[in-house]
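Written out below as C-alpha coordinates is the structure these notes cover.
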Amino acid sequence: MKSPDLTQRPPRSPRVRLGGYTILPRVLDKARATLAGRAGDYKFGNPLDTVLFGFGGVDAQDFLAQAKTGAGDFEMLRWFDAKARKAPHEIAAWSAWTESFVDDDVETREWLAGRLRAMDGRRTDIHGIFDYLDLDDHLSFGGQA
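In this note's numbering, the protein residues as written are 388 to 532.
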(Lines of atoms letter the chains of each structure in order from A; the text may use other names.)
(Lines give C-alpha, C1' and ligand atoms only; values in the text may rest on other atoms or scores of the structure.)
Protein backbone atom coordinates (compact mmCIF):
# COMPACT_ATOMS: atom_id res chain seq x y z
CA MET A 388 0.00 0.00 0.00
CA LYS A 389 1.41 3.35 -1.02
CA SER A 390 1.58 5.77 1.88
CA PRO A 391 0.41 9.36 1.53
CA ASP A 392 2.86 12.22 1.81
CA LEU A 393 1.25 14.50 4.38
CA THR A 394 3.86 17.16 3.75
CA GLN A 395 2.22 17.63 0.33
CA ARG A 396 -1.48 17.14 1.08
CA PRO A 397 -3.68 16.61 4.13
CA PRO A 398 -5.01 13.26 5.26
CA ARG A 399 -8.59 12.43 4.40
CA SER A 400 -11.25 14.46 6.18
CA PRO A 401 -12.42 12.99 9.49
CA ARG A 402 -15.90 12.93 7.90
CA VAL A 403 -14.87 10.34 5.30
CA ARG A 404 -16.15 6.91 6.28
CA LEU A 405 -14.79 3.43 5.86
CA GLY A 406 -17.14 0.64 6.85
CA GLY A 407 -19.34 3.30 8.41
CA TYR A 408 -16.60 4.59 10.73
CA THR A 409 -15.73 8.27 10.62
CA ILE A 410 -12.10 9.14 11.48
CA LEU A 411 -10.79 5.71 10.36
CA PRO A 412 -9.59 6.77 6.87
CA ARG A 413 -7.83 9.82 8.35
CA VAL A 414 -6.10 7.67 10.97
CA LEU A 415 -5.04 5.21 8.25
CA ASP A 416 -3.48 8.04 6.24
CA LYS A 417 -1.61 9.29 9.31
CA ALA A 418 -0.45 5.80 10.29
CA ARG A 419 0.89 5.06 6.82
CA ALA A 420 2.57 8.46 6.53
CA THR A 421 4.12 8.05 9.99
CA LEU A 422 5.56 4.67 9.00
CA ALA A 423 6.99 6.21 5.82
CA GLY A 424 8.42 9.24 7.63
CA ARG A 425 6.13 11.60 5.71
CA ALA A 426 3.61 12.68 8.35
CA GLY A 427 4.68 16.32 8.38
CA ASP A 428 2.84 18.15 11.16
CA TYR A 429 0.25 15.38 11.54
CA LYS A 430 0.54 13.21 14.63
CA PHE A 431 -0.61 9.61 14.72
CA GLY A 432 -2.25 8.75 18.04
CA ASN A 433 -3.50 12.27 18.77
CA PRO A 434 -6.65 12.83 20.89
CA LEU A 435 -9.05 12.41 17.95
CA ASP A 436 -7.36 9.14 16.98
CA THR A 437 -7.85 7.91 20.54
CA VAL A 438 -11.60 8.54 20.21
CA LEU A 439 -11.64 5.96 17.39
CA PHE A 440 -9.35 3.56 19.23
CA GLY A 441 -11.40 3.87 22.40
CA PHE A 442 -14.65 3.12 20.58
CA GLY A 443 -13.11 0.13 18.84
CA GLY A 444 -11.16 -1.14 21.83
CA VAL A 445 -8.04 -1.10 19.66
CA ASP A 446 -4.52 -0.29 20.84
CA ALA A 447 -2.83 2.43 18.77
CA GLN A 448 0.43 0.48 18.52
CA ASP A 449 -1.41 -2.64 17.36
CA PHE A 450 -3.12 -0.52 14.71
CA LEU A 451 0.23 0.87 13.57
CA ALA A 452 1.71 -2.64 13.44
CA GLN A 453 -1.18 -3.83 11.28
CA ALA A 454 -0.78 -0.84 8.96
CA LYS A 455 2.92 -1.71 8.68
CA THR A 456 1.97 -5.01 6.99
CA GLY A 457 0.93 -2.99 3.94
CA ALA A 458 -2.75 -3.83 4.32
CA GLY A 459 -5.08 -1.77 2.14
CA ASP A 460 -8.10 0.10 3.40
CA PHE A 461 -10.44 -2.90 3.12
CA GLU A 462 -8.02 -5.22 4.91
CA MET A 463 -7.55 -2.64 7.65
CA LEU A 464 -11.32 -2.29 7.96
CA ARG A 465 -11.73 -6.06 8.32
CA TRP A 466 -9.00 -6.13 10.97
CA PHE A 467 -10.53 -3.19 12.84
CA ASP A 468 -14.03 -4.70 12.67
CA ALA A 469 -12.73 -8.00 14.06
CA LYS A 470 -11.20 -6.17 17.02
CA ALA A 471 -14.08 -3.74 17.60
CA ARG A 472 -16.96 -6.22 17.24
CA LYS A 473 -19.54 -3.44 16.90
CA ALA A 474 -22.99 -3.82 15.37
CA PRO A 475 -23.81 -1.64 12.35
CA HIS A 476 -26.26 0.45 14.39
CA GLU A 477 -23.55 1.12 17.02
CA ILE A 478 -21.11 2.25 14.33
CA ALA A 479 -23.76 4.48 12.74
CA ALA A 480 -24.68 6.10 16.07
CA TRP A 481 -21.04 6.62 17.05
CA SER A 482 -20.15 8.11 13.66
CA ALA A 483 -23.13 10.47 13.80
CA TRP A 484 -22.01 11.59 17.25
CA THR A 485 -18.43 12.21 16.10
CA GLU A 486 -19.59 14.40 13.21
CA SER A 487 -20.97 16.95 15.65
CA PHE A 488 -18.43 16.32 18.39
CA VAL A 489 -17.39 19.29 20.49
CA ASP A 490 -15.51 18.36 23.62
CA ASP A 491 -17.31 19.17 26.86
CA ASP A 492 -13.97 20.05 28.42
CA VAL A 493 -13.72 23.84 28.97
CA GLU A 494 -10.00 23.83 28.22
CA THR A 495 -10.57 22.16 24.83
CA ARG A 496 -13.40 24.54 23.96
CA GLU A 497 -11.17 27.52 24.79
CA TRP A 498 -8.34 26.04 22.71
CA LEU A 499 -10.69 25.58 19.74
CA ALA A 500 -12.07 29.12 20.08
CA GLY A 501 -8.53 30.51 20.20
CA ARG A 502 -7.44 28.54 17.14
CA LEU A 503 -10.47 29.76 15.21
CA ARG A 504 -9.78 33.39 16.15
CA ALA A 505 -6.19 32.98 14.98
CA MET A 506 -7.34 31.51 11.65
CA ASP A 507 -10.12 33.90 10.80
CA GLY A 508 -12.33 35.30 13.53
CA ARG A 509 -15.14 35.91 11.06
CA ARG A 510 -15.85 32.21 10.54
CA THR A 511 -19.04 31.61 12.50
CA ASP A 512 -19.81 28.38 10.62
CA ILE A 513 -17.14 26.32 12.40
CA HIS A 514 -18.79 24.49 15.28
CA GLY A 515 -17.05 21.20 15.93
CA ILE A 516 -13.73 19.43 15.71
CA PHE A 517 -14.44 18.09 12.21
CA ASP A 518 -15.25 21.60 10.96
CA TYR A 519 -12.02 22.88 12.50
CA LEU A 520 -9.88 20.07 11.06
CA ASP A 521 -11.32 20.52 7.57
CA LEU A 522 -10.62 24.26 7.70
CA ASP A 523 -7.14 23.78 9.16
CA ASP A 524 -6.23 21.22 6.49
CA HIS A 525 -7.49 23.57 3.78
CA LEU A 526 -5.55 26.56 5.11
CA SER A 527 -2.40 24.51 5.73
CA PHE A 528 -2.11 23.73 2.03
CA GLY A 529 -2.74 27.21 0.65
CA GLY A 530 -6.51 27.57 0.83
CA GLN A 531 -8.28 30.77 1.78
CA ALA A 532 -10.49 31.05 4.85
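Idealized CB from N, CA, C, for every residue including glycine.
- Burial is judged here by how many other beta carbons sit within 10 angstroms of a residue's own beta carbon; residue 409 has at least 16 and is buried.
- By the beta-carbon neighbour count (other beta carbons within 10 angstroms, threshold 16), residue 487 is exposed.
- If you draw a straight line from the Cα of residue 457 to the Cα of residue 463, it is about 9 Å long.
- With respect to residue 416, residue 398 sits close: the two C-beta atoms are nearer than 7 Å.
- Inclusion of residue 451 and residue 425 in the CB contact set at 7 Å is not warranted, their separation being larger than that value.
- Runs of the alpha helix (DSSP H) lying entirely within the region 489-513 and spanning at least 4 residues, in chain order: 493-507.
- Its chain contains 463, 466 as the residues whose beta carbon lies nearer than 8 Å to that of residue 453, once the 5 sequence neighbours on both sides are disregarded; these appear in chain order.
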